[in-house]
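Numbering (the UniProt record's numbering), first residue to last: 1 to 319. Each residue gets a CB set at the ideal place from its N, CA and C atoms; glycine is no exception. Owing to the predicted nature of the structure, the values given are computational and were not obtained by experimental measurement. One structure is given below, encoded as structure tokens.
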Amino acid sequence: MSAEQLAELSDLTVVAAVLLYVLAMIAFATELAFGRYVAGKAAARAARPVRQTVTVGAASDQVEGAAPEPVAPEGAPPSRLAARAGTAGLALAWLGWAANLAAIATRGLAVGRWPWGNMYEFVVALCFAAVTAFLLTQLRHNVRFLGAFVMVTATLGLGAAVKIFYTAAGPVVPALNSYWIAIHVTAAIIASGLFALAGVAGVLYLVRGDGMSRLPSREDLERVAHRAIVFAFPLWTFAVIAGALWADRAWGRYWGWDPKEVWSFITWVAYAAYLHARVTAGWRGKAATIVQLVAFGCLLFNLIGVNIFVGGMHSYADV
1 MSAEQLAELS DLTVVAAVLL YVLAMIAFAT ELAFGRYVAG KAAARAARPV RQTVTVGAAS
61 DQVEGAAPEP VAPEGAPPSR LAARAGTAGL ALAWLGWAAN LAAIATRGLA VGRWPWGNMY
121 EFVVALCFAA VTAFLLTQLR HNVRFLGAFV MVTATLGLGA AVKIFYTAAG PVVPALNSYW
181 IAIHVTAAII ASGLFALAGV AGVLYLVRGD GMSRLPSRED LERVAHRAIV FAFPLWTFAV
241 IAGALWADRA WGRYWGWDPK EVWSFITWVA YAAYLHARVT AGWRGKAATI VQLVAFGCLL
301 FNLIGVNIFV GGMHSYADV
């Protein structure tokens with residue numbers, strides 16, 4: 001296929017990914033509406049045999065019964081519709097993920113370089129990373145309750161990429177023609193996808209209440225966010241260091257107080273503060289969640305706001 005055909009195919013697969021993410025979002029939302037979340041440990045406790053006290057006269061004996069204690073989890077049992085919708089949501093999410101990956105791959109083949117040299121390509125890759133973080137986490141832990149919210153995030157991101165940030169396939173500025181883009185930007189994208197997953201869990205933590213009782217407990221939401229950040233923070237640290245090394249090679253200095261450099265460091269400090277507060281001060285719950293959402297806000301401004309509204313050496317968003 002020619003470069004033009006590959007570029008056109010990339011554009012089409014982005015649209016296909018948007019449609020599949022929308023369908024997955026509807027399916028996950030249906031599961032949330034008609035089902036309920038049951039944690040694995042909670043279910044195990046509910047099924048565990050209990051000791052029953054049998055009183056005979058003045059004496060009493062404890063007998064371990066064979067039947068489980070009738071402890072009903074919160075909410076009504078999940079309907080068949082909810083179970084099928086959740087399964088369909090995962091299948092659609094994987095199909096959307098595959099279309100998203102195909103869009104990135106064909107774009108790279110069309111331009112003959114790593115396909116995140118402008119804002120459009122970066123946002124497409126960022127949405128892919130966020131969905132990948134969700135799907136891989138789902139393979140090990142039951143986080144399907146996040147599906148609807150991750151899908152709407154990916155849908156809005158790809159929609160913005162197509163409608164606002166779209167840039168035709170072509171060459172990039174000379175500073176980006178380097179193998180460092182594969183090292184520095186890739187690490188930043190993967191870390192940002194994990195941070196996005198943590199951000200979604202953090203927002204749900206704050207809004208979770210009686211009206212959102214179909215979601216898991218706040219403890220489970222906080223655990224998901226913390227694990228994602230623990231994995232993402234070293235990657236972001238590496239991305240910042242790799243960016244400094246690339247800056248020295250491209251511009252002859254490691255640090256130049258460029259807005260992108262400054263906000264990358266601010267984001268690093270904010271997430272470091274979150275992790276430090278949990279380890280040393282024992283921060284948990286709402287306070288820790290607020291800190292991580294402030295850090296997530298810094299990340300969003302660094303990834304999007306700086307490129308659009310702030311000039312500097314990294315002003316190559318092509319918006």
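Exercise for the section: Return the CA-CA distance between residue 403 and Ile26, expressed in angstroms with no decimal places. Expected result: In the structure as shown, the chain begins at 1 and stops at 319. Residue 403 is therefore absent and cannot be evaluated.
Handout entry: Pro259 vs Phe145 beta-carbon contact at 7 Å
Key = Locating residue 259 in the sequence shown gives position 259, counting from the first residue. Locating residue 145 in the sequence shown gives position 145, counting from the first residue. No. Outside cutoff.
Practice task
State the DSSP-derived secondary structure class of Ser2, mapped to helix, strand or coil.
Solution key: As a first step, residue 2 must be located in the sequence shown, where it is residue number 2. Looking at Ser2 - three-state DSSP - the assignment turns out to be coil, as it is neither helix nor strand.
Handout entry: Asn307 to Ile181 span [Cα, whole Å]
Key = For the purposes of this step, residue 307 is taken as the residue at position 307 of the sequence shown. For the purposes of this step, residue 181 is taken as the residue at position 181 of the sequence shown. Whole-angstrom Cα-Cα distance: 16 Å.
Handout entry: Cα-Cα separation between Ala288 and Phe134, rounded to whole angstroms
Key = For the purposes of this step, residue 288 is taken as residue 288 along the sequence shown, with counting starting at 1. For the purposes of this step, residue 134 is taken as residue 134 along the sequence shown, with counting starting at 1. Looking at the two C-alpha atoms, the distance is approximately 21 Å.
Problem - Coarse secondary structure for Asn302, derived from DSSP in three states - result: Indexing the sequence shown from 1 puts residue 302 at position 302. Helix.
Practice task
Determine the closest residue to Arg284 out of Leu206, Val200, Val22, with distance taken between C-alpha atoms.
Solution key: Locating residue 284 in the sequence shown gives position 284, where the first residue counts as 1. Of the candidates Leu206, Val200, Val22, Leu206 places its Cα closest to the Cα of Arg284.
Practice task
Check the Cβ-Cβ distances between Thr153 and every residue of chain D, and say whether any is below 7 Å.
Solution key: In the structure shown, chain D cannot be found, because there is only a single protein chain.
Problem - Rounded C-alpha distance that separates Gly83 from Leu23 - result: Reading the sequence shown from its first residue, position 83 is the one you call residue 83. Reading the sequence shown from its first residue, position 23 is the one you call residue 23. The sequence shown places Ala at residue 83, not Gly. Roughly 16 Å separates the two Cα atoms.
Practice task
Pick helix, strand or coil for Arg227, following the three-state DSSP scheme.
Solution key: The sequence position of residue 227 within the sequence shown is 227, counting from 1. Residue state, collapsed to three classes: helix.
Handout entry: Own chain, CB closer than 7 Å to Ala187, minus 5 neighbours either side, in chain order
Key = In the sequence shown, counting from the first residue as 1, residue 187 sits at position 187. Leu235, Phe238, Ala239, Ala242.
Exercise for the section: Specify the secondary structure class of Pro259 as computed by DSSP and reduced to three states. Expected result: In the sequence shown, the residue the question calls residue 259 occupies position 259. Pro259 falls in the helix class under three-state DSSP.
Practice task
Please specify which runs of the alpha helix (DSSP H), each continuous and at least 4 residues long, are wholly inside the segment 176-210, giving them in chain order.
Solution key: 186-207
Exercise for the section: Identify whether Gly35 lies in helix, strand or coil by the three-state DSSP scheme. Expected result: Here residue 35 refers to the residue found at position 35 of the sequence shown. Reduced to three states, the DSSP call for Gly35 is coil.
Handout entry: Tyr120, enclosing alpha helix (DSSP H) - first and last residue
Key = Start at 1 with the first residue of the sequence shown, and residue 120 comes out as number 120. Counting along the chain, the alpha helix (DSSP H) containing Tyr120 begins and ends at 119-140.
Practice task
Rounded to whole angstroms, what's the CA-CA distance from Ala272 to Leu245? Just pull it up for me.
Solution key: Position 272 of the sequence shown, counted from the first residue, corresponds to residue 272. Position 245 of the sequence shown, counted from the first residue, corresponds to residue 245. Near 21 Å, if we compare the C-alpha coordinates of Leu245 and Ala272.
Handout entry: Where Ser264 falls: helix, strand or coil (DSSP)
Key = For the purposes of this step, residue 264 is taken as residue 264 along the sequence shown, with counting starting at 1. DSSP places Ser264 in helix when its eight states are reduced to three.
Exercise for the section: Report the option in Leu176, Val200, His226 whose CA atom is closest to the CA atom of Arg249. Expected result: Against the sequence shown, residue 249 aligns to sequence position 249. Here the closest residue by C-alpha is Leu176.
Handout entry: Residue burial classification, Met151 (beta-carbon count within 10 angstroms, cutoff 16)
Key = Here residue 151 is taken as the residue at index 151 of the sequence shown, counted from 1. Taking a 10 Å sphere around the C-beta of Met151, we find 16 or more other C-beta atoms and assign the residue as buried.
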